[in-house]
Amino acid sequence: MVTFYRRLPKFDYVKPGSMDEVLKLLARGTNGNFKVYAGGTDVVPGLKRRELEKPETLVDLKGIPDLDYIDHDEKAGLRIGALATVRAVAGSSIVNKNFPLLSQAAGRIASNQVQNRGTIAGNICSAVPSADSAPALLCLDSNLVCINEKGERQIGIDGFFKGPNETVLNRDELLREIRIPPMPENSHGVYIKLSPRSRMDLAVVGVAALLGVEKGVIGHIRIGLGAVSPTPMRARDAEDHLCGKKANDAVISEAAQLASEESKPISDHRASAEYRKMMVEVLVKRAIHQALLGVSSK
Ligand SMILES: Cc1cc2nc3c(=O)[nH]c(=O)nc-3n(C[C@H](O)[C@H](O)[C@H](O)COP(=O)(O)OP(=O)(O)OC[C@H]3O[C@@H](n4cnc5c(N)ncnc54)[C@H](O)[C@@H]3O)c2cc1C
993 MVTFYRRLPK
1003 FDYVKPGSMD
1013 EVLKLLARGT
1023 NGNFKVYAGG
1033 TDVVPGLKRR
1043 ELEKPETLVD
1053 LKGIPDLDYI
1063 DHDEKAGLRI
1073 GALATVRAVA
1083 GSSIVNKNFP
1093 LLSQAAGRIA
1103 SNQVQNRGTI
1113 AGNICSAVPS
1123 ADSAPALLCL
1133 DSNLVCINEK
1143 GERQIGIDGF
1153 FKGPNETVLN
1163 RDELLREIRI
1173 PPMPENSHGV
1183 YIKLSPRSRM
1193 DLAVVGVAAL
1203 LGVEKGVIGH
1213 IRIGLGAVSP
1223 TPMRARDAED
1233 HLCGKKANDA
1243 VISEAAQLAS
1253 EESKPISDHR
1263 ASAEYRKMMV
1273 EVLVKRAIHQ
1283 ALLGVSSK
């Protein structure tokens, strides 16, 4: 597929210096006249390819102070500010130690250059079905703190994605913070990305699995899938099949098959729907085996 990049269209540009200023601006706006951006690694190419509708004004969020943070507390878990870059998350020793699944997923996004500009918040707000951080954040039961001029609300990431490039965020709302509760006891998570090239390519299939084992039985299981449905999704039938069972090859294979059946991929220039479904089965099986190995080596 040939991608045509053209010059950026003409728009106004503002870089407000505070959250209040941004929220006031957005509250005044009407549909389509303001478009916020953080790293711009999705927005700028989207405007150049004319895939994004041209806004009257592009609102640069990078002028908002104190939004570029990664905080961890043993009891409360992890908090990632809206301006924390992909690189900061992928390279954070705190994230790596406590949420290695997220480190792995962030580390699989694009190249160092893109990671240095792009944010995890932008990755999920783009709501691209193949967003690499999404399956991991789904497995980690993330909560999204969203804010507008009237106040804040928290949205579970499971209810955040509406469709390709569409979230439940209102026009005047921002994602301010991603919250991740502590990992369940004795659990381990794995992210596997299938793409034709090792870097700089979107996932053909992305699979995250997080599981915890108690007395040989799977007590906690989350499976997140990317690039195989209109939104990143949980493979709930597969999860239900595994939960409460002893993990053996037969049960894992059945769960992987269920995950494949509940996925709803499309065919595009990257892969056919049939191939994606087959790869869901292969990768879910692989991810569960790797997660079990991770638990047993703890
Ligand atoms: C060459 C290249 C390779 C790439 N490879 C990958 C890849 O392998 N895997 C992958 O997942 N992605 C990839 N991407 C996509 C992109 O880099 C990531 O999605 C990145 O994390 C987006 O973050 P950003 O801050 O640049 O988002 P932006 O471009 O700034 O914004 C993205 C969207 O989110 C909205 N937004 C941003 N911040 C907020 C906020 N706080 N509140 C509300 N809305 C917000 C914007 O309005 C926009 O709709 C690639 C991009 C490029 C250019």
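For the sequence shown, the residue numbers in this note's numbering are 993 to 1290. Note that CB positions come from ideal geometry on N, CA and C, so glycine has one too. This structure is a prediction, so every number in the text was calculated from the model and none was measured.
Residue environment: residue 1220 is assigned as buried (16 or more neighbouring CB atoms within 10 Å of its CB, all protein chains considered). The way I'd put it, the region 1200 to 1214 doesn't touch the region 1107 to 1115; fewer than three beta-carbon pairs between them come closer than 8 Å. Relative to residue 1100, the option among 1078, 1178 and 1223 whose CA is nearest is 1078. Contact between residue 1172 and residue 1070 holds: CB atoms are separated by about 4 Å, below the 8 Å threshold.
At a threshold of 8 Å, residue 1162 does not count as near ligand 1, since its beta carbon sits no closer than that to any of the ligand's heavy atoms.
The count of Cβ pairs closer than 8 Å, one atom from the region 1133 to 1143 and one from the region 1101 to 1112, stays below three, leaving the stretches out of contact. Put simply, the backbone Cα of residue 1178 is about 6 Å away from that of residue 1287.
Distances taken from the Cβ of residue 1015 to the heavy atoms of ligand 1 include none shorter than 8 Å. If you check the CB distance, residue 1121 and residue 1037 do not come in under 9 Å. About 7 Å separates the Cβ atoms of residue 1053 and residue 1014, confirming a contact at the 8 Å cut-off. Inclusion of residue 1218 and residue 1123 in the CB contact set at 9 Å is warranted, their separation being smaller than that value. Judged by their CB atoms, residue 1205 and residue 1215 are not nearer to each other than the 9 Å cut-off. Judged by their CB atoms, residue 1266 and residue 1227 are not nearer to each other than the 9 Å cut-off. For residue 1017 and residue 1049, the gap between their C-alpha atoms comes out near 10 Å. In the three-state scheme derived from DSSP, where H, G and I count as helix and E and B as strand, residue 1277 is classed as helix. Residue side-chain check: residue 1111 places its Cβ nearer than 8 Å to a non-hydrogen atom of ligand 1. In the DSSP assignment, residue 1192 forms no beta bridge with any residue. According to the DSSP secondary-structure assignment, residue 1035 is paired through a beta bridge with no residue.
In this structure, ligand 1 has no non-hydrogen atom nearer than 8 Å to the beta-carbon of residue 1057. Contact annotation, residue 1119 with residue 1094: C-beta distance approximately 18 Å; criterion of less than 8 Å not satisfied.
For residue 1033, the CB falls within less than 8 Å of some heavy atom of ligand 1. Beta-bridge annotation (DSSP): residue 1253 is not paired with any residue. With a 10 Å radius around the Cβ and a threshold of 16 neighbouring Cβ atoms, residue 1073 comes out buried.
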